[in-house]
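All residue numbers for the sequence shown refer to the working numbering, where the first residue is 2 and numbers rise by one.
Written below as structure tokens is the structure these notes are about.
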Amino acid sequence: PDIVHAHDWHAGLAPAYLRAFQRDGAPHVASVMTVHNLAYQGVFPASEFGVLQLPGDFYAVDGLEFYGHVSFLKAGLFYADRITTVSPTYAREIQTQAHGAGLHGLLQTRTHDISGILNGVDYTIWSPSIDEAIAARYTAAKPAAKSKCKTALQERVGLARDDDALLFGVVSRLTEQKGLDLLLSAVPDIVQRGGQLVVLGTGDPALETGMKNAAAAHPGAVAVVLGFDETLSHSIIAGSDVVMVPSRFEPCGLTQLYALAYGSLPLVHRVGGLADTVADCSLENLADGLATGFVFEHFDRAGIVAAIRRAFALKGRRTEWKAVVKRAMTQNFGWESAALRYAEVYQGLLAP
Numbered sequence: 002p003d004i005v006h007a008h009d010w011h012a013g014l015a016p017a018y019l020r021a022f023q024r025d026g027a028p029h030v031a032s033v034m035t036v037h038n039l040a041y042q043g044v045f046p047a048s049e050f051g052v053l054q055l056p057g058d059f060y061a062v063d064g065l066e067f068y069g070h071v072s073f074l075k076a077g078l079f080y081a082d083r084i085t086t087v088s089p090t091y092a093r094e095i096q097t098q099a100h101g102a103g104l105h106g107l108l109q110t111r112t113h114d115i116s117g118i119l120n121g122v123d124y125t126i127w128s129p130s131i132d133e134a135i136a137a138r139y140t141a142a143k144p145a146a147k148s149k150c151k152t153a154l155q156e157r158v159g160l161a162r163d164d165d166a167l168l169f170g171v172v173s174r175l176t177e178q179k180g181l182d183l184l185l186s187a188v189p190d191i192v193q194r195g196g197q198l199v200v201l202g203t204g205d206p207a208l209e210t211g212m213k214n215a216a217a218a219h220p221g222a223v224a225v226v227l228g229f230d231e232t233l234s235h236s237i238i239a240g241s242d243v244v245m246v247p248s249r250f251e252p253c254g255l256t257q258l259y260a261l262a263y264g265s266l267p268l269v270h271r272v273g274g275l276a277d278t279v280a281d282c283s284l285e286n287l288a289d290g291l292a293t294g295f296v297f298e299h300f301d302r303a304g305i306v307a308a309i310r311r312a313f314a315l316k317g318r319r320t321e322w323k324a325v326v327k328r329a330m331t332q333n334f335g336w337e338s339a340a341l342r343y344a345e346v347y348q349g350l351l352a353p
């Protein structure tokens with residue numbers, strides 16, 4: 002091959018083996034290492050190093066060694082010719098102590114070899130104009146049928162049928178990384194303002210219990226479906242007014258991209274790919290015609306509640322709300338631009 006492209010820790014040894022083969026006289030084969038989530042590092046006891054049959058000097062700080070262990074991800078990051086990750090902001094974040102998961106020092110030394118390339122959306126699956134999983138089809142030019150999706154969702158999950166209620170949707174793993182503990186703290190603020198919340202997901206037992214308790218405490222206003230249902234996920238994305246992605250960290254995120262396509266305004270924490278894909282409904286962005294969702298800066302209850310309040314306020318200004326929905330639906334995060342960026346990376350490696 003001309004290039005070997007490895008993804009995440011599972012394939013992290015590939016660049017290391019290529020380097021070892023080249024040392025033994027094999028032709029040079031370029032390598033790319035893509036990190037989808039730096040938190041998953043493939044760390045194993047140092048005693049396993051011998052099993053890998055790599056040169057002994059590869060077990061070093063400048064190599065696979067990671068705090069007295071072997072890290073497959075570090076191997077890929079150290080030996081690959083180029084590194085990519087799944088958003089420009091995450092590419093910067095992983096070079097900081099706060100988000101570098103112990104690898105920020107290595108990544109700082111490779112800063113000129115790192116590219117952040119956003120993941121794309123498959124619009125043949127995620128498009129409200131052709132989606133057979135939702136109650137009605139609609140487009141940015143003709144969005145009226147979106148209200149039918151909202152009504153159908155309310156009926157399906159047991160929420161009160163109310164077109165005026167601001168409906169917040171969540172499709173997520175129920176984990177602290179996804180910020181669902183923060184969302185739980187804000188449920189009273191949603192309900193007290195006459196809003197509704199529907200959650201689809203599974204994960205941390207404590208968060209599952211918390212969500213079930215919230216639904217029990219607010220019947221008709223909060224609905225929780227534990228597990229995963231592909232059809233229901235489409236219904237939630239289409240039927241919600243606001244889709245919440247309040248992640249602590251988020252390398253790229255796809256849910257907010259689906260939400261944009263369906264005109265369900267994303268409410269997100271300003272991290273990683275969320276920061277790169279959602280333009281806040283600030284006064285400036287609204288005035289400049291750029292806003293596509295609601296972004297909060299600080300990961301705390303005050304931050305998410307302030308964003309929720311701004312969502313309610315904008316919903317009350319119908320003309321502005323409709324304009325933001327239309328703008329959200331006309332964003333394009335297809336794979337075409339990502340493919341061009343990857344092609345540039347490959348061409349750079351093959352250049353003489």
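Even glycine gets a Cβ: it sits at the ideal position worked out from N, Cα and C.
Just so you know, these numbers come straight off a predicted model, no measurement behind them.
Inset, instruction - List in chain order: all unbroken beta strand (DSSP E) runs of 3+ residues lying wholly within the stretch 11-57. - result: 31-36 and 44-46
Inset, instruction - Apply the 10 Å Cβ neighbour rule to Asn38 and answer buried if 16 or more other Cβ atoms are within range, or exposed otherwise. - result: Taking the first residue of the sequence shown as position 1, residue 38 is located at position 37. The residue is buried, with at least 16 neighbouring Cβ atoms inside 10 Å.
Inset, instruction - Check the C-beta distance from Gly294 over to Val279 and give it rounded, since I have them as a contact under 8 Å. - result: The sequence position of residue 294 within the sequence shown is 293, counting from 1. The sequence position of residue 279 within the sequence shown is 278, counting from 1. Confirmed, Cβ separation roughly 4 Å.
Legend entry - CB contact below 8 Å: Ser283 versus chain D: Looking at the structure shown, chain D is missing, and only one protein chain is on hand.
Inset, instruction - Provide the residue(s) that pair with Arg83 in DSSP beta bridges, ordered along the chain. - result: As a first step, residue 83 must be located in the sequence shown, where it is residue number 82. Bridge partners of Arg83: Val33.
Inset, instruction - Please confirm if the stretch 75-87 is in contact with the stretch 33-50, defined as three or more CB-CB distances below 8 Å between the two stretches. - result: Yes: at least three Cβ pairs fall under 8 Å.
Legend entry - Distance, Asp9 Cα to Gln178 Cα: Taking the first residue of the sequence shown as position 1, residue 178 is located at position 177. Taking the first residue of the sequence shown as position 1, residue 9 is located at position 8. So the alpha carbons of these two residues sit roughly 18 Å apart.
Legend entry - Secondary structure of Ala262, DSSP reduced to three states: Residue mapping note: residue 262 aligns to position 261 of the sequence shown, counting from 1. If DSSP states are grouped into helix, strand and coil, Ala262 belongs with the helices.
Inset, instruction - Mind the definition here: the stretch 137-153 touches the stretch 237-250 only if three or more C-beta pairs lie below 8 Å; say whether that holds. - result: yes
Legend entry - Residues near Tyr18 in its chain [Cβ-Cβ closer than 8 Å; skip 5 each side]: On the sequence shown, position 17 is the one that residue 18 refers to. So the qualifying residues of the chain are Leu55.
Legend entry - Which of helix, strand or coil DSSP assigns to Ala7: Sequence index remark: in the sequence shown, residue 7 carries index 6 (1-based). In this structure, Ala7 counts as strand in the three-state DSSP scheme.
Inset, instruction - Give the secondary structure of Pro220 by DSSP, where H, G and I count as helix, E and B as strand, and everything else as coil. - result: Looking up residue 220 in the sequence shown gives position 219. Of the three classes helix, strand and coil, the one that applies to Pro220 here is coil, per DSSP.
Legend entry - Arg138 beta carbon less than 8 Å from that of Pro144: Translated into positions along the sequence shown, residue 144 becomes position 143. Translated into positions along the sequence shown, residue 138 becomes position 137. Going by C-beta atoms, Pro144 is not nearer than 8 Å to Arg138.
Inset, instruction - Sort out for me which residues DSSP pairs Ile115 with in a bridge. - result: Locating residue 115 in the sequence shown gives position 114, where the first residue counts as 1. DSSP lists Ile84 as partners of Ile115.
Legend entry - Whole-angstrom distance between Glu94 and Ile309, CA atom to CA atom: By 1-based counting over the sequence shown, the position of residue 309 is 308. By 1-based counting over the sequence shown, the position of residue 94 is 93. For Ile309 and Glu94, the distance between alpha carbons rounds to 26 Å.
Inset, instruction - Look at the alpha carbon of Leu227 and the alpha carbon of Leu284, and state the distance between them as a whole number of angstroms. - result: Here residue 227 corresponds to residue number 226 of the sequence shown, with the count starting at 1. Here residue 284 corresponds to residue number 283 of the sequence shown, with the count starting at 1. Distance between the alpha carbons of Leu227 and Leu284 is about 37 Å.
Inset, instruction - Enumerate in chain order the residues of its own chain whose CB-to-CB distance from Gly356 is below 6 Å, with the five nearest sequence positions on each side excluded. - result: The shown model of the chain, from 2 to 353, leaves out residue 356, and the question about it has no answer.
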